[in-house]
Every structure is written in C-alpha cells, then in structure tokens.
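Chemist: Just remember that my numbering sits 217 ahead of the position in the sequence shown, which is counted from 1. This is the structure, below, for whatever I ask next.
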Amino acid sequence: MHKNYGLNELREMFLKFFETKGHLRLPSFSLIPQNDASLLLINSGMAPMKPWFTGEQEPPRHRVTTCQKCIRTGDIENIGHTARHGTYFEMLGNFSFGDYFKRDAIHWAWEFLTSPEWVGLEADRLYPSVFAGNETTPADDEAFRIWNEEIGIPAERIFKFGKEDNFWEHGSGPCGPCSEIYYDRGPEWGCGKPGCTVGCDCDRYIEVWNIVFSQFDNDGEGHYTELKQKNIDTGMGLERLACVCQNVASLFDVDTVMNITNKVSEITHAHYGETAAKDVSLRVITDHIRSSVFMICDGVLPSNEGRGYVLRRLLRRAARHGKLLGVNEPFLYEVCDTVIHENEGHYPELRERQDYITKVIRTEEENFAKTIDSGLKIFGDMLAGHKAKGESTFSGADAFKLYDTYGFPIDLTLEMVEEQGMKLDEAEFHNQMDEQRQRARKAREALGDLGWAGVEFGKDVPETQFVGYDHTAIDGAKVVALVVENEQAEELMPGVEAIVVLDKTPFYAEMGGQVADHGVISADGVTFQVTDVQKNKGGKYMHTGKLTQGVLKVGGTVSASIDVKRRKAVMRAHSATHLLDAVLRKVLGDHVHQAGSLVEPDKLRFDFTHFAALTAEELSQVSALVNEAVLEGYEVSTEVLPIEEAKQRGAIALFGEKYGDTVRVVDMGQGFSVEFCGGTHLDNTAKVGVFHIDSEFSVASGVRRIEATTGLKSLETMNRAQSLLFETAAVLKAKPAELREKAEQNMAELREMRHTVEKFQAREAAGETERFLMGGHDLGELKVLTATLPNADAAKLRQMGDMLRDKQPNVVAVLSAVNDGKITFLAVCGKEAVSKGVKAGDIIKNVTAICGGKGGGKPDSAMGGGNDLLKLDDALAKVDDLVAEKLGL
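In structure tokens:
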C-alpha cells in the first residue's frame, strides 16, 4: 500500500523529482495572463508558457517544472453539486522545449508514480492510454511501444482512445497525441456494471497524469505536418493525485481543502453529512474562498467586467450559500487566514498580502449584503406570484428588473430559480438586455457626434504626420481636406465652423486621456482658430474650429501653431499623472492599475483600481511623495523601443490596450515611473510645480478617482486659501497663526450660550406646560386640552407634547400649529389615558381628516397634517367627542 502523502508534500516532491532530471523549477505564474488576450485567467500549466512552446521567445531553460495556480469557471453551476468540479486547482507540470521527448517523458512519469523513493503507487493499478489514430493523423505506435516494451505494461492493459480523449489541439498551430495514466482505485469506487474499465465515467479509474506530445502543426484545414521543435507538456492535477494518495472521495476531502471546510463549519455550525443541501453549500464556500484568496493576491479586484466579475460572482455565490446556512453577517473574510495557513509554505506572498486580501473580501461582502437583502425579498415576492399562478417558468422581465433596478446578479437569480424546480425565461431576459442596450445607443446618438465620424476620405488624403513632440509651430503644412457639416468641401469661407485636415501638424489630438491642443492655422490673410483635434481610424488629424478671417482652400499651404502656454499646462498635469500612478502603487500596493484618466491644463483626473476609500493618512502620504518627486527634479526621457525591450525595462502598459511592435516609453527619474505613453510631457518633473489633491472618491465598485491640480491652478488654490485665511483672521480679530485658538475659544463661548438658551427654553416650556394644564378640563377621570401654538414648528410641538404626557399621566392633549397655510397636529395620551383605550393614533386620524389631511402614530404620540384652516376649530372641538366616545360617556 502506498504512503498517505499530504498535498503540500506531493507538490514539493514533484518539483524536487524533476529538478533531479535537470529541470529548472519556476514559481507559479500569476493567475492574470500576461500579454495573452485569449485568456481571462490562467487555466492550465502550459498557458503562461505559450511563447516558449511556439518558439517566439527563448525559455530560461529547455527543461522547466512548475506547480501552476489555475482557475476554471466554465462549469461553475456544478460546483458544490458534484465531488469532481472545482474552480481553483494546482497543475503540476514538467515541460520540454525542443529537448527530450516521448521516451524520457514516459519513463520519468512512471518512475515518479511507482518508485518507493517517490510516490510509490502500485504498478499493477496503473493503466496508460495512447492515441488510436484516425484518417488524418496516424496512431501513436511509438508511445505504445515504449509503454509495452520498455516499461513492461502488457498490451491488454494499454488502452487506445480516439481524438477526443487522446489528442490535444486548439484550432490551428502546435498539437499532438497524448498519453494518459489512470489509477484503479478498486471496485468499491466503481459503478458495478459488467463493462466497467478504463474510460468509464464512474470514480474507479481516475486519470492522474497526462503527457502531451506536441509534434505536429495543424494548418487549420485538417493537414498535419511534423514540427521541427517537438515539445513535452505534462499536466497532473495536484488535488487529484492527493485524492489517490489519501484514498479520499474528492478534492474536497483532501487534507488542506478539508481544513478550510472545517473552518467554514466552525463559523456556520453546519457539518458534512447533515443534509445534501448543507454539503453543497459547504463545498461552494470552500471552493470559492480558495479561488478568491488567490485571485485577489494576484491583483484581481471585484468589478462588473472580465476577471473582476468572475471574482465578484464567486464571492457573491459563496456569501449567498452562507445565508442558506443561516449566516447573515459577513464571514468569508474570517476564512482567509485558514486558506493562507494551508498554502503559505509554497505561496509566501499570501501571508505578505493577508491584510489586503481580507479587506477586499470583507468590503465586497458588506457591499453585497446591502444588495442581496433587498434583492432576496423582492425575488421572494416575485417567486410567490409565479407559484400562486401555478407557473413553472420565472419571468425574464422579472429577472431583468431584479438585475437592472436592484443590482441583483442574473446568475444568482438563475441558480435560485432552479433550486425551486422552475426554469428562467432566459430568452426574455436577454431580449430586455438588448432593448436596454438599444435605448442606451439611441441616447448616445441623440447627444450627437463629432460631425466627421461618417466622412470617408479617398486614398489621395494621406495620414497626418504628427510633429508635435519636437515642434510647437510649423510652416509649409498642406491643407489636404476640409469638412463642413459632415461633407467634404473645396474651400472654406469666413465665419464657418469646419474641420481642417493637414498633411502634418504640431497639434496633439485627444488620445489616452490627454485633451487636444488649441491654437491657430494661418496663412496670408487667413486665420482658423482650432478648438479641438481628433484622430480618426485612418490616421487623419481632424482640426475642429472656426475660420475667422480669409478663405481657406484645399491644396493651400499654411502655418500651424499651438497655444504653447496651454500645452505646457497640459504637460504639467500629464507628467504629474505618471508620478501619481507610481506613488499609488507604492502606498497602496501592486494591485493598483490605471482605470482611466483625463488630463487638462493644470488639472487631472485619475481613476485606479482599489477596494476602499483612501484614509486621510494615505492621501497625505500620496500627496507628499508626488511633491517629493517634483522637488527632486527628475529628468523625463522618452524613447521608442521594441515592445519586449520596453517590458523588460519594467514599463507599465494599460490593461486592455493594444500596442504595436514598437512603443513610446516615458521614463521619469530613471525608473521612478516607466510607462507606455504617446502623450506630451515635461523634460523635468520640477516643472510640475505644486501638486495638490482636490478630492478622492468612488466612481464604480473597485474603482476610485483622484482629482488634482498642478502649476498655476494649484497656486490659485493656495492663493484663495491664503486670502480666505487673512479675511477670516480679520473677522475674528486675530492673527492667522492664532486662528485655531481663537476659533476654539469662540466655539466654547457659543456652546455656553447655547446651553444657557436651552435651559431658558426648558424653563419657558415648563411654564407653558403648566398654563396649558390649567386650561384643560376634566372628562371622566381624564384631563383633556387643546391649543394652537403660535410660531411653533413640529419640533416645538413634540417638545411640548412630551412634557405634557410625562407630567400628567391622565392627559389627552391635541396641539396644533399653522405654518405657510398648512396645519401640523400633535396628539399625546398619558399612560392612564392609554390604559382606558384612548389612543393618540386614533385621535390624530379623525382630527386631521376634518381638515382634509391625514396622520398616524403610536398610542401615546401621533402626528399629522391638514390644509383647510377654516376647519381647524371644528377639528379641535371634535377631541372631546372622541374621548367621551372611548370612555362610554
């Protein structure tokens, strides 16, 4: 019998084994794919190494071994309902890039699995499979021979399967047959059917190893040719191997995973085996919190798009299953420490970022709690409505309303509907979504466009050459096109608004968040004021503005000069934006990424990913560090570099942006800030002037915004603040340095005066109460009084009413006040009055109705209003009748 190894032991054992075979051990790559737009999240061991497999890049060594973190969410609905499905798993792998091939890969797999020095699985329980071949690709006889003749596996124990099981390919490109190794767990795990063998869907024969022999190139049309560089891509699920070694039923029963479940059970008081529903919830929470911790550690933040939405969906699904177990408070964040404890040996970064991970999860839980509580109630009402009508389909329109109006995720609605044994009308939901998009599109169209979007130019209109990095003014530019009211024109007359296209220009077109230059296009007797510049898809710079003098014609030669003062102000703000980006990562962490920006003259707006509002201390630190970088006077250099060289220098690219083979890199301070950027910048950070943060706030879930000023706008802010300081000091008759002390002194005096006034008002109110009580009359054992208070508001009525009720237990009082033609009523009843059945709420309803209003409240106090002033006396006179009726008098 093999040894019962723990999951962490198996991971280290695998990596050490392949190190003895000359492999370079690499740490797991980030779950966020780098330079691979085809993947949302890393989902296999080889995914981060594609450039090494294709030969686009040289690998650090031609033999590599890794344990790769992976996320797969394609079958998220099955998570928890089956023992096999999980979103997070670790893939053990050994890789050859043009080095060893089938023989070594097979021999080493067998040695690691069966050798007593390593895993030590029983050889007679292992069954390999090979590719059987088809009409386009030959059978893998070489692999069969190695298994049969060299390893010594009898032919009847080597299974041949078709392309679906034993051939790996993904569209065109490198592909090849694969050889899998199955472990027989014994008949107790089987389905009991007579034909049960390798390939059966039951849990008896479990695949533990898959060796992909990448030896062909598929042209996409079914033609396969031999690759010059043959590769090995081996994948083995760590949790699956642990299942075999620990002889447990599923990945959820593996030691490290079960320890997480035990923590969840401790919090929720739910345990495996109590009910099938609780088992599902425990598995969902365990799986999703594992995935979430690793995703957040690698820089993913909850959002409504892309991988951020995957994370948000996992956390919300886990939180809902917590509610199903009776936990109504945030609790997932409490499980983080256990997840980290179980994995920190191999992933020390988890412990380093624990506080951050925990904060992100708790913040998302708290935000979702507000959504789910209201959403669940509304969903329940909708569900009850469908069931009352005997319907088995939940309305797509209702699902859309939950999503659009209340922010309730459609995936949760779908899951809850299915839990109720119903179906969701998904077609109707998507129809409603499409209609919403069309409405939004029409709304955008109603706002108008830039006027030139629909203009198509012929090949005779060249791309505009931008010379604005080096020149603020040029002569000899040629007018290659004019556009008036979305139509091309040959000439332009004075007073007409139009677009001018030049063959070259110093004007920067609005791009990358930087606003366009303003300035003048001119010739003898011709002046065209430029107020905006846009660049179309064809590379033409569209100078928008108005001709104020002369006639401008296509083919004419002009000068073009920008507003230099404005350009400098824009550059100050743009360079400050780069400094801010770098400082935010230093203060808040590497998870910070730019999510948008707007750069205007001496004013900037910067959006960035972060899970919580910045504290006053963090904002102060950000401001101080940016201003330090300004005072250092860092040189700003720009270079056009091959994209790979730029990345090696650490240049930061905007996520989701597409770049060519070469990029423009802006470097401030030789590494303080290095970013891809096509905008215009200062040559030294000292020219930014004073950097001043105006505000910091949320613009979306997981996205914050900082608005700040530079240069002259910062000076204007400082000057206004200084003027206000001096003006305030003059009003308070103090020196500026004494303002705080003077303000505190004045506030203390004001508090004392307010306290004195309040005591006087209390004595006055007590006196008024006594006078009111003297004016009341007895009705049975109760004292009834009514009064109209001049110059009283609702607060004054409540104060008087509370004093009357508390001072006289048998009182029934109705007070009124008139303000702006409207009546406010207050009714109060003392304890003795209430005990006799006289209730303020009943009285106020009757009294207000006489004056054309309404009201209500508690038995001892109620308020209401009315509009008919002529009926006020009648309403107050009615009080005696109402009390007498209740007393039976």
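Just so you know, even glycine gets a beta-carbon here, dropped at the ideal spot from N, CA and C. Keep in mind that this is a model prediction, so the values were computed, not measured.
Identify the continuous beta strand (DSSP E) that holds Asn365 and give its terminal residues.
Modeler: Mapped onto the sequence shown, residue 365 falls at position 148. It is not in any beta strand (DSSP E) - Asn365 carries neither H nor E in the DSSP assignment.
Chemist: What residue from Ser508, Ala586 and Tyr573 has the CA that sits closest to Val544's CA?
Modeler: As a position in the sequence shown, residue 544 is number 327, starting the count at 1. Answer by Cα proximity: Ala586.
Chemist: My output table needs one value for Ile249: the three-state DSSP class, helix, strand or coil.
Modeler: For the purposes of this step, residue 249 is identified with residue 32 of the sequence shown, where counting begins at 1. Here Ile249 sits in coil by DSSP.
Chemist: Give the single residue among Lys721, Leu709, Thr681 and Val696 whose Cα lies nearest to the Cα of Ala690.
Modeler: Indexing the sequence shown from 1 puts residue 690 at position 473. Taking only the C-alpha atoms, the option nearest Ala690 is Lys721.
Chemist: Using 8 angstroms as the threshold, is the region 853–861 in touch with the region 967–975, meaning 3 or more CB pairs across them?
Modeler: Judged by Cβ distances under 8 angstroms, the region 853–861 makes no contact with the region 967–975, as fewer than three pairs qualify.
Chemist: Residues in the same chain with beta-carbon distance under 7 angstroms from Ala1101, minus the five sequence neighbours each way, listed in chain order, please.
Modeler: The residue given as residue 1101 occupies position 884 in the sequence shown. In its chain, beyond the 5 residues on either side, Leu996 have a beta carbon closer than 7 angstroms to the beta carbon of Ala1101.
Chemist: For Arg822, which option in Gly736, Ala777 and Ile910 has the closest C-alpha, if you only look at C-alpha atoms?
Modeler: Position 605 of the sequence shown, counted from the first residue, corresponds to residue 822. Checked all of Gly736, Ala777 and Ile910; the closest Cα to Arg822 is Ile910.
Chemist: Answer yes or no: the CB of Lys952 versus the heavy atoms of the ligand PLP, is any distance below 7 angstroms?
Modeler: In terms of ligand content, the structure shown is empty, and the ligand PLP therefore cannot be addressed.
Chemist: Sorted by chain position, which residues of the same chain lie with C-beta nearer than 8 angstroms to Glu955's C-beta, five sequence neighbours on each side aside?
Modeler: Walking along the sequence shown from the start, residue 955 turns up at place 738. The residues are Ala946.
Chemist: Hey, how far is the Cα of Arg507 from the Cα of Val556?
Modeler: Counting from one through the sequence shown, the residue named residue 507 turns up at place 290. Counting from one through the sequence shown, the residue named residue 556 turns up at place 339. Their backbone Cα atoms lie some 6 angstroms apart in a straight line.
Chemist: Counting C-beta neighbours from all protein chains within 10 Å, is the total for Asp819 16 or more, i.e. buried, or is it exposed?
Modeler: If you number the sequence shown from 1, residue 819 lands on position 602. The residue is buried, with at least 16 neighbouring Cβ atoms inside 10 Å.
Chemist: For Leu1017, does the count of other Cβ atoms within 10 angstroms reach 16, so buried, or fall short, so exposed?
Modeler: Position 800 of the sequence shown holds residue 1017. Checking the sequence shown, residue 1017 turns out to be Met, not Leu. By the 10 Å Cβ count, Met1017 comes out buried.
Chemist: Using 10 angstroms around the beta-carbon of Cys408, count the other beta-carbons present and answer buried if the total reaches 16, otherwise exposed.
Modeler: Position 191 of the sequence shown holds residue 408. Its Cβ having fewer than 16 others within 10 Å, Cys408 is exposed.
Chemist: Quick one: which unbroken alpha helix (DSSP H) runs of 4-plus residues sit fully inside the region 754–822? Chain order, please.
Modeler: 781–805
Chemist: At the level of alpha carbons, what is the spacing between Phe314 and Ala925?
Modeler: As a working mapping, residue 314 is identified with position 97 in the sequence shown. As a working mapping, residue 925 is identified with position 708 in the sequence shown. Cα to Cα, the separation comes out at about 50 angstroms.
Chemist: Leaving out the 5 sequence neighbours to the left and right, which residues in its chain are closer than 6 angstroms to Met354 when beta-carbon positions are compared?
Modeler: Taking the sequence shown and counting its residues from 1, one reaches residue 354 at position 137. According to the sequence provided, residue 354 is Thr. The question's Met does not apply to it. If we look at Thr354 and ignore the five residues flanking it on each side, its Cβ neighbours are Tyr441.
Chemist: Kindly indicate which three-state DSSP category Gln649 falls into: helix, strand or coil?
Modeler: If you number the sequence shown from 1, residue 649 lands on position 432. Note: Gln649 maps to helix in three-state DSSP.
Chemist: In three-state terms, what does DSSP make of Cys462?
Modeler: Counting from one through the sequence shown, the residue named residue 462 turns up at place 245. Annotated three-state conformation of Cys462 is helix, per DSSP.
Chemist: Assuming Ile368 and Ile323 form a contact by the criterion Cβ under 8 angstroms, report the distance between their Cβ atoms to the nearest whole angstrom.
Modeler: In the sequence shown, the residue the question calls residue 368 occupies position 151. In the sequence shown, the residue the question calls residue 323 occupies position 106. Right, their Cβ atoms sit about 7 angstroms apart.
Chemist: Could you compute how far the alpha carbon of Thr765 sits from the alpha carbon of Pro723?
Modeler: The sequence position of residue 765 within the sequence shown is 548, counting from 1. The sequence position of residue 723 within the sequence shown is 506, counting from 1. For Thr765 and Pro723, the distance between alpha carbons rounds to 21 angstroms.
Chemist: Quick one: grab the DSSP three-state call for Phe683.
Modeler: Locating residue 683 in the sequence shown gives position 466, where the first residue counts as 1. Three-state DSSP puts Phe683 in a strand.
Chemist: Beta-carbon within less than 7 angstroms of Asp807's beta-carbon, same chain only, minus the 5 sequence neighbours each way: which residues are those?
Modeler: Locating residue 807 in the sequence shown gives position 590, where the first residue counts as 1. Cβ neighbours of Asp807 beyond the five flanking positions: Gly516.
Chemist: Could you tell me whether the Cβ atoms of Val1055 and Asp1077 are closer together than 8 angstroms?
Modeler: Start at 1 with the first residue of the sequence shown, and residue 1055 comes out as number 838. Start at 1 with the first residue of the sequence shown, and residue 1077 comes out as number 860. No; because the gap between Cβ atoms is not below 8 angstroms, this pair is not in contact.
Chemist: Of all the options Pro1026, Ser467 and Ser931, which has the alpha carbon lying nearest to the alpha carbon of Phe908?
Modeler: Position 691 of the sequence shown, counted from the first residue, corresponds to residue 908. Measuring from the Cα of Phe908, the nearest candidate turns out to be Ser931.
Chemist: Quick check: the region 529–542 against the region 554–568, are at least 3 beta-carbon pairs closer than 8 angstroms?
Modeler: no
Chemist: By Cβ distance, which residues of its chain are closer than 6 angstroms to Val577, with the 5 residues on each side in sequence left out?
Modeler: Translated into positions along the sequence shown, residue 577 becomes position 360. Cβ neighbours of Val577 beyond the five flanking positions: Ile513 and Phe828.
Chemist: Short check: CB of Gly602 to CB of Thr451, under 8 angstroms?
Modeler: One-based indexing of the sequence shown puts residue 602 at position 385. One-based indexing of the sequence shown puts residue 451 at position 234. No, they are not a contact pair.
Chemist: Any contact of the region 265–274 with the region 494–510, i.e. 3+ C-beta pairs under 8 angstroms?
Modeler: Fewer than three pairs of CB atoms, one per stretch, sit closer than 8 angstroms, so the region 265–274 makes no contact with the region 494–510.
Chemist: Given that a residue counts as buried once 16 or more other Cβ atoms are within 10 Å of its Cβ, and exposed if not, what is Gly877?
Modeler: Along the sequence shown, read from residue 1 onward, the residue named residue 877 stands at position 660. Per the 10 Å Cβ criterion, exposed.
Chemist: Candidates Leu1089, Val1045 and Gly755: which alpha carbon is nearest Lys676's?
Modeler: Translated into the one-based positions of the sequence shown, residue 676 becomes position 459. When each option's Cα is compared against that of Lys676, the closest is Gly755.
Chemist: According to DSSP, what are the bridge partners of Lys495?
Modeler: Walking along the sequence shown from the start, residue 495 turns up at place 278. According to DSSP, Lys495 bridges with nothing at all.
Chemist: With a CB to CB cut of under 7 angstroms and the five nearest residues on each side skipped, what residues in its chain are close to Val732?
Modeler: For the purposes of this step, residue 732 is taken as residue 515 along the sequence shown, with counting starting at 1. So the qualifying residues of the chain are Val787, Val816 and Glu817.
Chemist: Using only alpha-carbon positions, find the residue among Arg320, Pro333 and Gln432 that is nearest to Glu366.
Modeler: As a working note, residue 366 is residue 149 in the sequence shown. Residue Arg320 is the option with its Cα nearest to Glu366.
Chemist: Using DSSP bridges, identify the partner residues of Ser431.
Modeler: For the purposes of this step, residue 431 is taken as residue 214 along the sequence shown, with counting starting at 1. Paired residues: Asn448.
Chemist: Straight-line CA distance for His735 to Glu835?
Modeler: In the sequence shown, residue 735 corresponds to position 518, counting from 1. In the sequence shown, residue 835 corresponds to position 618, counting from 1. As the crow flies, the alpha-carbon of His735 is around 36 angstroms from that of Glu835.
Chemist: Candidates Tyr725, Ser431 and Glu632: which alpha carbon is nearest Asn448's?
Modeler: Against the sequence shown, residue 448 aligns to sequence position 231. Nearest of Tyr725, Ser431 and Glu632 to Asn448, Cα basis: Ser431.
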